[in-house]
Amino acid sequence: YVYGGSNPNTSFDCSGLVQWCYGKAGISLPRTAQAQYDATQHLPLSQAKAGDLVFFHSTYNAGSYVTHVGIYVGNNQMYHAGDPIGYADLSSSYWQQHLIGAGRVKQ
Numbered sequence: 022y023v024y025g026g027s028n029p030n031t032s033f034d035c036s037g038l039v040q041w042c043y044g045k046a047g048i049s050l051p052r053t054a055q056a057q058y059d060a061t062q063h064l065p066l067s068q069a070k071a072g073d074l075v076f077f078h079s080t081y082n083a084g085s086y087v088t089h090v091g092i093y094v095g096n097n098q099m100y101h102a103g104d105p106i107g108y109a110d111l112s113s114s115y116w117q118q119h120l121i122g123a124g125r126v127k128q
């Protein structure tokens with residue numbers, strides 16, 4: 022994980038990873054977690070489907086409401102650029118206390 026990272030050969034930050042993954046699928050997304058949140062249809066995590074995004078607040082002092090984003094993979098799990106990049110359990114107390122909800126990319 023490197024803040025500002027958006028290159029698979031060097032490093033990713035959370036929104037860089039999401040932008041790169043969606044780009045591989047031919048879907049263009051904005052660069053920052055906040056901008057990605059603003060570009061999605063918001064829904065509760067209970068309605069999320071694999072491929073939707075999950076958003077979080079207050080994971081660090083960012084100067085924006087949304088501070089982290091991951092890709093929902095189903096089964097209450099996300100794939101994200103944390104430290105290390107990998108899967109995380111959304112039912113953990115840490116993610117629950119910072120959860121905003123899910124977002125579906127508008128087609």
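Okay, so the sequence shown: first residue is 22 according to the working numbering, each after it adds one. Ideal Cβ placement from N, Cα and C applies to all residues, glycine included.
Counting along the chain, GLN128 sits inside no alpha helix (DSSP H), nor does DSSP assign it H or E at all.
Contact check for LEU38 against ALA102 passes: the beta carbons are separated by less than 7 Å.
When the alpha-carbon of TRP116 is set against those of SER85, VAL75, VAL94, the nearest one is in VAL75. Residue state for ALA109 is assigned as strand, using DSSP reduced to three classes. Assigned with DSSP and collapsed to three states, LEU50 falls in coil, not helix or strand.
A distance below 7 Å between beta-carbons, with the five flanking residues on each side excluded, links SER36 to the following residues of its chain, in chain order: ARG52, THR53, ALA54, GLN57, VAL90. Boundaries of the alpha helix (DSSP H) around LEU38: 35-45. In the structure shown, TYR86 falls within a coil segment according to DSSP collapsed to helix, strand and coil.
For GLN68, no alpha helix (DSSP H) segment is defined, and its DSSP state is neither H nor E. CA-to-CA, the gap between HIS63 and LYS45 works out to about 23 Å.
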